[in-house]
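Chemist: Respectively, the protein sequence lines represent chains A and B. So for the first sequence, numbering that gives the first Met the number 0 puts the first residue at 0; every next one is plus one. So for the second sequence, numbering that gives the first Met the number 0 puts the first residue at 0; every next one is plus one. Built from N, CA and C at the ideal position, the CB exists for glycine as well. Computed from a predicted model, the values in this text were never measured in an experiment. Below is a structure I'd like to ask you about.
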Amino acid sequence: MTAPLLSFELAAARRGRTAPLFAAGFALASIAIALVGLSAGGSIVVQGFARTSISLLQLILWVVPLLALLSGAVAGAECYELEFIAALPLTRAQLVVSRWAASLVALGVALFIGLGSAGLVISVFAGAADGWRYLGLLAIAALLLSACLAVGLAIGVQVRSRGRALAVAIIAWCVLVVGVDFVAMGVLALLPAGTAVGPLSLLLVADPIDAARALGLGLFQADAIAGPTGAALRAVMGGWGGLVLIVSLLAWTGLPLRFAARTLARRDL
Amino acid sequence: MIELKQVWKQFDERIVLRPMDLIVRPGETVALVGPNGAGKSTALRILAGTVHASGGSATIAGNTAYLPQRLGVPESTVVGDLAALVAGARRLPQHVVDRVRQVSGLADRWSARLSELSGGQRQRLMLALATADEIGALLLDEPSISMDVDGAEEVRATIELARRRGAAVLFASHHLQDVACLAQRIVLLVSGEVVADGSLAELAAAAGVSWSTGLIDPPIERVYRVLVSRSLGRGTVRAA
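This is the structure we're talking about:
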């Protein structure tokens, strides 16, 4: 990645409409989740950081991957339209990584604005207790954004056409959000009792959304609702489970980016 | 210097460029002409590195500037951002960027998006960026496309200036008058194959078209038509 290319991509991302719209939409949704529950007297009751974060986690797990996969898919497919830029003294890997990094910064800032607004509201109305855990939630959201952007980019580069890339990104989102859970249920149903722990742990690191979910719930010690894969991971990994999940999310960023860079380098523009 | 050695290209099952040899020396301008689908753009794109050759070798000495037929950047790109990218990637000093600003005639549109410029303005900008610094080779695919008469004249002047500075210039064009004005050598491609290669006088002689250097309007279109129709019916015409 070179500084001029990154600056160029950042300028393009900054001037786009996606990041501001995402920031505004996410801020509204986050604040709405924070401002829940009217008491009988009609006064607003704001949940504390811990409870709100668990509610917001669900929003993050659904919205962030979808937006990141779609944005990444478009960015990846657009690589084939950059003939003038590709003929400059730059490598295709620099092109891919710069596009990913610029999207990560633009959408990351939008995400922080959105979640930050909700955090501000919570701290004003309910105090700052558990605030550091909320920061942890932001970090998990950023890791998930990074991983899903990389997967989207790899899809876009592989599929090439923008329309098809968007379609494949939506399918990938469905698979990652619910498909892996179906597989987990199937594993639990088919394997004899006590033997499903290994396969379930693998499933958790094989799905960045599930990994982020388990990390987020672990952050707020909501182990009971971490799901069968989260429970299995804890059984196998013990206290190292969180680290394994973080490494798996980083791998979900690095491996698709490497794949996208190699694919683009081999292809004709 | 630009050199193609037995370069060929196949897309799926279709051969779009048959083994091609070509040398363009520093200070020389060579035009690639031929009907649509002849392989002109493919040859240029292989040299620019945006398309991989199926075989053979393509080499360029020195910095390469390439102006593709398509815009090659998103239309939403801001002029100043694109200039900054080119300057950064090629390590151009600020005064060169300032010169591009003036030469392109877009100093007052530096914060405009490319989509807000006319086709001619875009082409002028891209050409000014491509030829901003000292370049070893200049590759242009239909450089006069979407240009008016004055714009086309500016393009010709820019190409000529790059050649005089010592660049090896290779361009593809359907504008045969541009070809007649600029090219010391013309390479005619038909169906992916080089069917004629030589100066306009040599090609005219090979086509049996009478022509003398004193003519104001060289009969390049007649030469082109004769050679293309002949090559579609028969084999290669070697003018040089």
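Since residue 283(B) sits in a beta bridge, which residues does DSSP pair it with?
Modeler: The requested residue 283(B) does not occur in the structure, where chain B is confined to residues 0 to 239.
Chemist: Which two residues bound the contiguous beta strand (DSSP E) that contains residue 2(B)?
Modeler: 1-10
Chemist: Just how far apart, CA to CA, sit residue 169(B) and residue 175(B)?
Modeler: 14 Å
Chemist: Would the segment 56-75 of chain A count as touching the segment 94-107 of chain A if we require 3 or more Cβ pairs under 8 Å?
Modeler: yes
Chemist: Pick helix, strand or coil for residue 167(A), following the three-state DSSP scheme.
Modeler: helix
Chemist: Assuming residue 48(B) and residue 86(A) are in contact, meaning their beta carbons sit under 8 Å apart, how far apart are those beta carbons, in whole angstroms?
Modeler: 6 Å
Chemist: Hey, residue 3(B) and residue 56(B): beta-carbon distance below 9 Å or not?
Modeler: yes
Chemist: Residue range of the alpha helix (DSSP H) that residue 227(B) falls in?
Modeler: 219-232
Chemist: Does residue 157(B) pass the burial test, meaning 16 or more other C-beta atoms within 10 Å, or should it be called exposed?
Modeler: buried
Chemist: Which chain B residues sit within Cβ distance under 8 Å of residue 4(A)?
Modeler: 84, 87, 88
Chemist: Can you give the Cα-Cα distance for residue 51(B) and residue 191(B), rounded to whole angstroms?
Modeler: C-alpha separation (whole angstroms): 16 Å.
Chemist: Among the residues of its own chain, which have a CB less than 7 Å from the CB of residue 40(A), if the five just before and after it don't count?
Modeler: Only weak support exists for where residue 40(A) lies, its pLDDT of 42 falling under 50; the value from the coordinates is given anyway. Answer for residue 40(A): no residue qualifies.
Chemist: Looking at the strands, I want to know which residues DSSP matches up with residue 54(B).
Modeler: 7(B)
Chemist: So, is the C-beta of residue 119(B) closer than 9 Å to a C-beta in chain A?
Modeler: Closer than 9 Å: no.
Chemist: Considering residue 184(A), what are the terminal residues of the beta strand (DSSP E) in which it resides?
Modeler: Careful: residue 184(A) lies outside any beta strand (DSSP E), inside the alpha helix (DSSP H) at 179-189.
Chemist: For residue 77(B), does the three-state DSSP call read helix, strand or coil?
Modeler: strand
Chemist: Would you list the residues sitting across from residue 65(B) in a DSSP beta bridge?
Modeler: 138(B)
Chemist: What are the residues of the segment 70-83 of chain B that lie near chain A, defined by any Cβ-Cβ distance shorter than 8 Å?
Modeler: Along the segment 70-83 of chain B, going in chain order, the ones with a CB nearer than 8 Å to a CB of chain A are 70, 71, 72, 73, 75, 76, 77, 80, 81, 83.
Chemist: Kindly indicate if chain B contains any beta-carbon less than 9 Å away from that of residue 39(A).
Modeler: Only weak support exists for where residue 39(A) lies, its pLDDT of 39 falling under 50; the value from the coordinates is given anyway. Not an interface residue.
Chemist: Would residue 50(A) pass as an interface residue toward chain B - the criterion being a Cβ-Cβ separation below 9 Å?
Modeler: no
Chemist: Given a limit of 9 Å on CB to CB distance, which residues of the segment 85-117 of chain A reach chain B?
Modeler: 85, 86, 87, 88, 89
Chemist: Does the structure place the segment 143-153 of chain B close enough to the segment 103-122 of chain B that three or more beta carbon pairs sit under 8 Å?
Modeler: As far as the Cβ criterion goes, the segment 103-122 of chain B touches the segment 143-153 of chain B, which means the pair count is three or higher.
Chemist: Got a sec: which bits of the segment 5-18 of chain A sit with their beta carbon under 8 Å from any beta carbon on chain B, in order along the chain?
Modeler: 6, 7, 10, 11, 14, 15
Chemist: To which residues of the same chain is residue 231(B) closer than 7 Å at the C-beta, ignoring the five residues directly before and after it?
Modeler: Closer than 7 Å at the Cβ level, and outside the excluded window around residue 231(B), lie 189.
Chemist: Output needed in chain order: residues of the segment 39-63 of chain B with a Cβ under 8 Å from some Cβ in chain D.
Modeler: The structure shown contains no chain D; its protein chains are A and B.
Chemist: Look at the Cβ atom of residue 185(B), then the Cβ atom of residue 198(B), and state whether they are nearer than 9 Å.
Modeler: Closer than 9 Å, so yes.
Chemist: Kindly say whether residue 148(A), judged by its beta-carbon, lies nearer than 9 Å to any beta-carbon of chain B.
Modeler: no
Chemist: Need the endpoints of the beta strand (DSSP E) that residue 19(B) sits in, please.
Modeler: 13-23
Chemist: With distances taken between CB atoms, is the gap from residue 105(A) to residue 13(A) smaller than 9 Å?
Modeler: Their beta carbons are under 9 Å apart, which means residue 105(A) touches residue 13(A) by this criterion.
Chemist: Check each candidate in 18(A), 243(A), 258(A) and name the one with the smallest Cα separation from residue 108(A).
Modeler: 18(A)
Chemist: Between residue 250(A) and residue 128(B), what straight-line distance do the alpha-carbon atoms span, to the nearest angstrom?
Modeler: 39 Å
Chemist: Nearest chain B C-beta to residue 212(A) closer than 9 Å, yes or no?
Modeler: no
Chemist: Could you name the residues of the same chain whose beta carbon sits closer than 8 Å to that of residue 241(A), not counting the 5 residues immediately before and after it, in chain order?
Modeler: 214, 217
Chemist: Just mark residue 209(B) as buried or exposed, buried being the case when its beta carbon has 16 or more other beta carbons within 10 Å.
Modeler: exposed
Chemist: Who are residue 112(B)'s beta bridge partners in DSSP?
Modeler: 77(B)
Chemist: Identify the contact partners of residue 1(A) in chain B, using a Cβ-Cβ distance below 8 Å as the criterion.
Modeler: Those are 87, 88, listed as they occur along chain B.
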